[in-house]
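First residue of the sequence shown? That's 164 in the working numbering, and the numbers climb one at a time after it. Cβ atoms here follow ideal geometry from the backbone N, Cα and C, with glycine treated the same way. All values reported here derive from a predicted model rather than from experimental measurement. Here the structure is laid out as structure tokens; the discussion comes afterwards.
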Amino acid sequence: MIGEVRIPRPLWTHLRDALLADCMVETKCFLLCRTLESESRVVFLVREVVPVPDDAYVIRSASLVETRPEFVHSLLVRCAREGYSLLEAHSHPWAGDARFSQIDDNSDYQKFLTTQSMSPPFRHGSLVFGNDMSFEGRFWDYQGGQMAPIARLRALSAPLLTRYGAGFYPPWLHAAEQAVYDRQIRAFGAEGQAILSSLRVALVGAGGLGSQIANALALLGVGQVLLIDPDRLELSNLNRVVGASFAQAQRSWRKVRALAQRLNRARPPETRTITPLPHDARSPHALTHLLGCDLIVGAVDSAVVRQYLNTVAVCALIPYIDAGVGVRSENGKLAQGGGQVQVILPGETACLACIEQGVRQSVEEQLTPHQRALSIRGGYIQGENIPNPQVVFLNGIVGNLLVWELVKLTTACAPVQPYVYYDLLQQQAFPARAERNPECLLCAEHADSMLGQGLYGLAGYLPSVGKPKKRAKPIPPPRGS
Ligand SMILES: [Zn+2]
164 MIGEVRIPRP LWTHLRDALL ADCMVETKCF LLCRTLESES RVVFLVREVV PVPDDAYVIR
224 SASLVETRPE FVHSLLVRCA REGYSLLEAH SHPWAGDARF SQIDDNSDYQ KFLTTQSMSP
284 PFRHGSLVFG NDMSFEGRFW DYQGGQMAPI ARLRALSAPL LTRYGAGFYP PWLHAAEQAV
344 YDRQIRAFGA EGQAILSSLR VALVGAGGLG SQIANALALL GVGQVLLIDP DRLELSNLNR
404 VVGASFAQAQ RSWRKVRALA QRLNRARPPE TRTITPLPHD ARSPHALTHL LGCDLIVGAV
464 DSAVVRQYLN TVAVCALIPY IDAGVGVRSE NGKLAQGGGQ VQVILPGETA CLACIEQGVR
524 QSVEEQLTPH QRALSIRGGY IQGENIPNPQ VVFLNGIVGN LLVWELVKLT TACAPVQPYV
584 YYDLLQQQAF PARAERNPEC LLCAEHADSM LGQGLYGLAG YLPSVGKPKK RAKPIPPPRG
644 S
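Written as structure tokens, this is what we have:
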């Protein structure tokens, strides 16, 4: 069992400023979290940072910190009542690298014991930060009946900020990868390439746009690419789906299968990890995979699926990069064409639901046939059953604009542009503004939004979210006693 912490950028800044405000004494903060749990991993999704007020400290020195029991008790009650998990964070101001002390070991045991007697019991963990915000972390593992380490902390900033817990190390490159990606290493360094090689990306949509993105991700050496799309190839896809063969289209192959087979061939044998998943992205099986990824990429033409991916990303604090293209033709002449790329960092940048247009499209797709006919007659939406024009060069440009934002977001090789629009006729890509909506149902900064609810927002799709399935096992005595 291993732990991970995901925290929106504003909360990370709040935590860092609170812990480092006084570098002469230890400081303490409590983090209220939702959790995302699987057999082998617990992800703490930080929803609130509660610094300890001055009058709630019993002892506070350069080597010791203790908070008043009534202050801690009020937080424990709140966690049990509101379904939060609790992480306790404190600073070791004198040390560059952070390690738990013997005092921490003994007091953590007592704290874990207390939370297991709460009804219901909840996840409880500890973090200790050095004065450079390096950290060591652990949490109580019910199944194993022991403490388990927190391996990684990710702040959803642009670029993404990733820190590894004491004893865990950043990714590195295999020898085969160094040879294959030599020219890229010269562009954004071995460290940047190692980050790409360790990434797990879920790409939803393997059509004209998605196959361009998949192609670039495979060539970049992105560690694991999961291709999600239930559609089968048709002859009319062959003008734009990268790598699909005529024979495959005749035999109605799954798009993801054709794509994965071709892209894996260009990679070193140990990195042939492009995996096809021929399922609807909204199926429970696909959701399990989406939740296990570092990053979601959406290249779909359905606004409903797009809004769904946006919801998953916001609930689970996963970065989501969305792209779309559109072409309008009149009498054989291109009247309008373009596309956009949007980088969604939950809690930091605008989500799709913040932008009214996305919501309107989603609503349109859910109209009854009668409502839809009325809307088409009224000129509000385009008629269905008329295939839209699709051209490979536009897919190529917008798909690669998306991949460029992904590389910037993960490797920090250049500033991220959260919203880019490309105009085909003007042949211009330009940044656009996408403001967060403070009243957004999904990503607003309050406990009732999807962001605040965490995976509870997706409860209908999951058999069990956020809470331990069974009551905790008895806790053995602490180390060394
Ligand atoms: Zn929003």
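>> Please report the distance separating the alpha-carbon of R491 from that of Q499.
In response: Stepping through the sequence shown from its first residue, residue 491 is reached at position 328. Stepping through the sequence shown from its first residue, residue 499 is reached at position 336. Answer to the nearest angstrom: the Cα atoms are 5 Å apart.
>> From the DSSP secondary-structure annotation, give me the bridge partner or partners of P214.
In response: One-based indexing of the sequence shown puts residue 214 at position 51. C192, per the DSSP bridge assignment.
> When DSSP labels each residue in this structure, what does F331 get in the three-state scheme?
Replying inline: If you number the sequence shown from 1, residue 331 lands on position 168. Residue state for F331 is assigned as coil, using DSSP reduced to three classes.
> With respect to the beta strand (DSSP E) encompassing T438, which residues constitute its N-terminal and C-terminal limits?
Replying inline: By 1-based counting over the sequence shown, the position of residue 438 is 275. Run containing T438: I437 to L440, per the beta strand (DSSP E) assignment.
> With a cut-off of 8 Å, do at least 3 Cβ pairs link the segment 494-510 to the segment 297-313?
Replying inline: Below 8 Å, too few C-beta pairs join the segment 494-510 and the segment 297-313 to call them touching: fewer than three.
> Below 8 Å, can you find three or more Cβ-Cβ pairs linking the segment 243-255 to the segment 201-217?
Replying inline: Taking 8 Å as the limit for Cβ pairs, the verdict is that the segment 201-217 does touch the segment 243-255.
>> Quick check on the burial criterion: 16 or more other C-beta atoms within 10 angstroms. Buried or exposed for Q273?
In response: One-based indexing of the sequence shown puts residue 273 at position 110. It counts as exposed.
>> Rounded to the nearest angstrom, what separates P173 and T438 at their Cα positions?
In response: To locate residue 173, count along the sequence shown from 1; it is residue 10. To locate residue 438, count along the sequence shown from 1; it is residue 275. In this structure, the straight-line span from the alpha carbon of P173 to that of T438 is close to 34 Å.
> Between which two residues does the beta strand (DSSP E) carrying L250 extend?
Replying inline: Indexing the sequence shown from 1 puts residue 250 at position 87. Run containing L250: S248 to H255, per the beta strand (DSSP E) assignment.
> ligand 1: which residues have Cβ under 5 Å from any of its heavy atoms, chain order?
Replying inline: My final list is C514, A516, C517, C603, L605 and C606.
> In this structure, what does DSSP give as the bridge partners for D485?
Replying inline: Taking the sequence shown and counting its residues from 1, the one referred to as residue 485 is at position 322. D485 pairs with G461 and Q505.
>> Just to check my reading of the structure: W175 and S297 have Cβ atoms closer than 8 Å, yes? What is that Cβ distance to the nearest angstrom?
In response: Reading the sequence shown from its first residue, position 12 is the one you call residue 175. Reading the sequence shown from its first residue, position 134 is the one you call residue 297. At roughly 14 Å, the Cβ-Cβ gap does not stay under 8 Å, so W175 and S297 are not in contact.
> Since Y585 contacts G510 with CB under 8 Å, what's their CB separation in whole angstroms?
Replying inline: For the purposes of this step, residue 585 is taken as residue 422 along the sequence shown, with counting starting at 1. For the purposes of this step, residue 510 is taken as residue 347 along the sequence shown, with counting starting at 1. Between Y585 and G510, the beta carbon gap of about 27 Å keeps them out of contact (Cβ cut-off 8 Å).
>> Since T434 and E354 should fall inside the 8 Å C-beta cutoff, what is the C-beta to C-beta distance between them, to a whole number of angstroms?
In response: Looking up residue 434 in the sequence shown gives position 271. Looking up residue 354 in the sequence shown gives position 191. In this structure T434 is not in contact with E354, their Cβ atoms being roughly 18 Å apart against a cut-off of 8 Å.
> Which whole runs of the beta strand (DSSP E) in the segment 552-610 are 3 residues long or more, in chain order?
Replying inline: Runs of the beta strand (DSSP E) lying entirely within the segment 552-610 and spanning at least 3 residues, in chain order: 582-586 and 591-594.
> Given a threshold of 16 other Cβ atoms within 10 Å of its Cβ, counted over all protein chains shown, does Q590 qualify as buried or as exposed?
Replying inline: Residue 590 sits at position 427 when you count from the first residue of the sequence shown. It is exposed - the Cβ of Q590 has fewer than 16 other Cβ atoms within 10 Å.
> Sorted by chain position, which residues of the same chain lie with C-beta nearer than 8 Å to F351's C-beta, five sequence neighbours on each side aside?
Replying inline: Taking the first residue of the sequence shown as position 1, residue 351 is located at position 188. Counting only Cβ-Cβ distances below 8 Å, and skipping sequence neighbours, we find V570, T574 and C576.
>> Taking the alpha helix (DSSP H) that D304 belongs to, which residues open and close that run?
In response: Counted from its first residue, the sequence shown places residue 304 at position 141. Not the alpha helix (DSSP H): D304 falls in the beta strand (DSSP E), residues F298 to D304.
> What's the gap between the Cα of L440 and the Cα of L336?
Replying inline: The residue you call residue 440 lines up with position 277 of the sequence shown. The residue you call residue 336 lines up with position 173 of the sequence shown. Each residue's CA atom was taken as its position, placing L440 and L336 some 27 Å apart.
>> Just to confirm the assignment, what range does the beta strand (DSSP E) spanning F263 have?
In response: Against the sequence shown, residue 263 aligns to sequence position 100. No beta strand (DSSP E) holds F263; DSSP gives it neither H nor E.
> What is the DSSP secondary structure of A444, counted as helix, strand or coil?
Replying inline: Residue mapping note: residue 444 aligns to position 281 of the sequence shown, counting from 1. Judged by DSSP in its simplified three-state form, A444 adopts coil rather than helix or strand.
> What did DSSP end up calling A181 once you bin it into helix, strand or coil?
Replying inline: Sequence index remark: in the sequence shown, residue 181 carries index 18 (1-based). For A181, the three-state secondary structure derived from DSSP is helix.
>> Using only the alpha-carbon positions, how far apart do E547 and G293 sit?
In response: Taking the first residue of the sequence shown as 1, we reach residue 547 at position 384. Taking the first residue of the sequence shown as 1, we reach residue 293 at position 130. Any reading at E547 must be qualified, since the residue scores a pLDDT of 46, below 50, and its modelled position is unreliable; no value is offered.
> Under a three-way DSSP split, which group does E202 fall into?
Replying inline: Here residue 202 is taken as the residue at index 39 of the sequence shown, counted from 1. Of the three classes helix, strand and coil, the one that applies to E202 here is coil, per DSSP.
> Is DSSP giving G542 helix, strand or coil here?
Replying inline: Taking the sequence shown and counting its residues from 1, the one referred to as residue 542 is at position 379. Per-residue confidence for G542 stands at a pLDDT of 42, beneath the threshold of 50, marking its modelled position as unreliable; no derived number is given.
> What are the start and end residues of the beta strand (DSSP E) that includes G293?
Replying inline: Residue numbering aside, residue 293 sits at position 130 when the sequence shown is read from its first letter. That run of the beta strand (DSSP E) goes H287 to G293.
> Going by C-alpha distance, which of F556, L480, V367 and R346 is nearest D464?
Replying inline: Numbered from its first residue, the sequence shown carries residue 464 at position 301. When F556, L480, V367 and R346 are compared, the shortest CA-CA separation from D464 is found for V367.
> Where does V475 sit, in a helix, a strand or coil, going by DSSP?
Replying inline: Here residue 475 refers to the residue found at position 312 when the sequence shown is read from its first residue. Here V475 sits in helix by DSSP.
>> Quick check on the burial criterion: 16 or more other C-beta atoms within 10 angstroms. Buried or exposed for S237?
In response: For the purposes of this step, residue 237 is identified with residue 74 of the sequence shown, where counting begins at 1. When all chains shown are included, S237 counts as exposed.
> Could you check where the alpha helix (DSSP H) with I376 kicks off and where it finishes?
Replying inline: Indexing the sequence shown from 1 puts residue 376 at position 213. If you look at I376, you'll find it in the alpha helix (DSSP H) that goes G371 to L383.
>> Could you tell me the alpha carbon to alpha carbon distance between A479 and R197, rounded to whole angstroms?
In response: As a working mapping, residue 479 is identified with position 316 in the sequence shown. As a working mapping, residue 197 is identified with position 34 in the sequence shown. So the two alpha carbons sit approximately 9 Å from each other.
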